[in-house]
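Presented below is the structure to which this report refers.
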Ligand SMILES: Cc1ncc(COP(=O)(O)O)c(C=O)c1O
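In the numbering used here, the protein residues as written are 82 to 469.
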């Protein structure tokens, strides 16, 4: 049996009949859009993520667009983000007409470097062409960004902070979830994410009731919400009163029903992922650069990413030995053609550029058996030994 990079079937078997019953319940109910499971899941997600509010939506990308829309971020505005991330983090700025400004990362954690962020903000302010509005920090590969330092930079410059926790939902720093420091935390339930559904969906966690209400409105074509209609009377159903430009960003009821089942075992899976990470570190730490988690941080290990000078040689050797691997990310976003015209932090992004040529991710999921893991470790060791 080949080792899967991510084993979604092992999890499905564990969840068993109750998962299939939950799906069938929705199918039989006919409440495919905004059925009761959606609100139930939002409440459970908010509780898990220790946020006052959670809004489900159609994807992790929509989860990033919605707060930018809610804050009225658009043409002439700058939003700072790392370049060493999935495209969606930066894509949402041009989608609302704003400009991403790319910031470098800390070499050990791959997450936003607060010093590079500060320098980028100062440079944008000095140039005077764009107005700094917000920062999107990413919990890359599952571990929390340096939120205390990043939030301090945001506070100093009056910027909003989004935690893009698409890969890191469930991660903590000093026992706190990213929303403790950020205005908004977003996540993705793409199937391969640590908390993934059986299709696309996402969520926005936030702290303020009026802001959450605005997101509720934006999620369904800017429809009027309670605060829009309070004290007013209408001749027609206010459901069809559209008071702002929004989109269709709903999560399907079936996804909510699936995610409710998956959330119930998520803490246990995070522990299992941490055991896998510890075993990798013990087996490989002397040969490759194993990942380092920020002090006080708990990662959910979306990826187990190591560094080696001959990354492509290692990938080819692993393939021959029946071990899958993946490279996240071979081309930093600011180096992709469509993003190359946007500003970067002063001095460029040397750490980001160096990492893109060295990183390689090994199989990682909560159901990786010690035997399979030993096979991965042996395959990496065989390659490194042959080439040293
Ligand atoms: C860091 C990051 N941000 C945003 C997204 C977008 O999520 P989605 O694919 O659900 O739109 C992803 C995932 O694919 C991601 O990894």
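Glycine included, C-beta positions come from ideal geometry on N, C-alpha and C. Predicted model, so just to flag it, every value in this text is computed and none were measured.
Contact defined as beta carbons within less than 8 Å: I believe residue i pairs with residue j. What is the distance between those atoms, to the nearest angstrom?
i: residue 398; j: residue 464; result: 4 Å
i: residue 340; j: residue 270; result: 6 Å
i: residue 386; j: residue 372; result: 6 Å
i: residue 336; j: residue 278; result: 4 Å
i: residue 448; j: residue 88; result: 5 Å
i: residue 222; j: residue 384; result: 4 Å
i: residue 285; j: residue 297; result: So it is not a contact: roughly 10 Å between Cβ atoms.
i: residue 238; j: residue 202; result: 5 Å
i: residue 334; j: residue 118; result: 5 Å
i: residue 141; j: residue 268; result: 6 Å
i: residue 156; j: residue 120; result: In fact, because the Cβ distance is near 35 Å, the residues do not count as touching under 8 Å.
i: residue 325; j: residue 299; result: 7 Å
i: residue 130; j: residue 250; result: 7 Å
i: residue 27; j: residue 456; result: Since the first and last residues shown for the chain are 82 and 469, residue 27 lies out of range.
i: residue 451; j: residue 360; result: 7 Å
With residue i as the anchor, note down where its alpha helix (DSSP H) starts and where it stops.
i: residue 348; result: 347–365
i: residue 231; result: 228–238
i: residue 154; result: It is not in any alpha helix (DSSP H) - residue 154 carries neither H nor E in the DSSP assignment.
i: residue 457; result: 451–467
i: residue 208; result: 195–208
i: residue 398; result: 392–401
i: residue 434; result: 431–437
Just to confirm, is the Cβ distance from residue i to residue j under 9 Å?
i: residue 173; j: residue 193; result: no
i: residue 108; j: residue 170; result: no
i: residue 392; j: residue 320; result: no
i: residue 247; j: residue 258; result: no
i: residue 242; j: residue 426; result: no
i: residue 458; j: residue 437; result: no
i: residue 283; j: residue 303; result: no
i: residue 454; j: residue 357; result: yes
i: residue 415; j: residue 423; result: yes
i: residue 346; j: residue 96; result: yes
i: residue 235; j: residue 205; result: no
i: residue 86; j: residue 444; result: yes
i: residue 322; j: residue 310; result: yes
i: residue 91; j: residue 446; result: yes
i: residue 281; j: residue 148; result: no
i: residue 301; j: residue 395; result: no
i: residue 244; j: residue 262; result: yes
i: residue 231; j: residue 132; result: no
i: residue 99; j: residue 420; result: no
Is there a C-beta anywhere in chain D that falls below 9 Å from the one on residue i?
i: residue 149; result: The chain labelled as chain D is not found in the depicted structure, where only one protein chain is given.
Between which two residues does the beta strand (DSSP E) containing residue i stretch?
i: residue 214; result: 212–219
i: residue 441; result: 440–443
i: residue 181; result: 180–184
i: residue 386; result: 385–388
* **At least 3 beta-carbon pairs within less than 8 Å: the region 165–183 vs the region 350–358** => no
* To do: Could you tell me whether the region 227–247 touches the region 186–203, using the rule of 3 or more Cβ pairs below 8 Å?
  => yes
* Cβ pair count under 8 Å reaching 3, the region 181–191 against the region 419–437 -> yes
* Asked: Going along the chain, which unbroken runs of the beta strand (DSSP E) with 3 or more residues stay wholly within the region 91–172?
  -> 134–138, 158–163
* Contiguous beta strand (DSSP E) assignments of at least 3 residues, all confined to the region 237–311 -> 241–245, 265–269, 283–287
* Validate contact between the region 358–377 and the region 290–309 using beta carbons, cut 8 Å, 3 pairs -> no
* With contact counted as at least three CB pairs below 8 Å, one residue from each stretch, are the region 152–159 and the region 119–132 in contact? -> no
* **the region 326–344 / the region 93–105 touching (three or more Cβ pairs under 8 Å)** => yes
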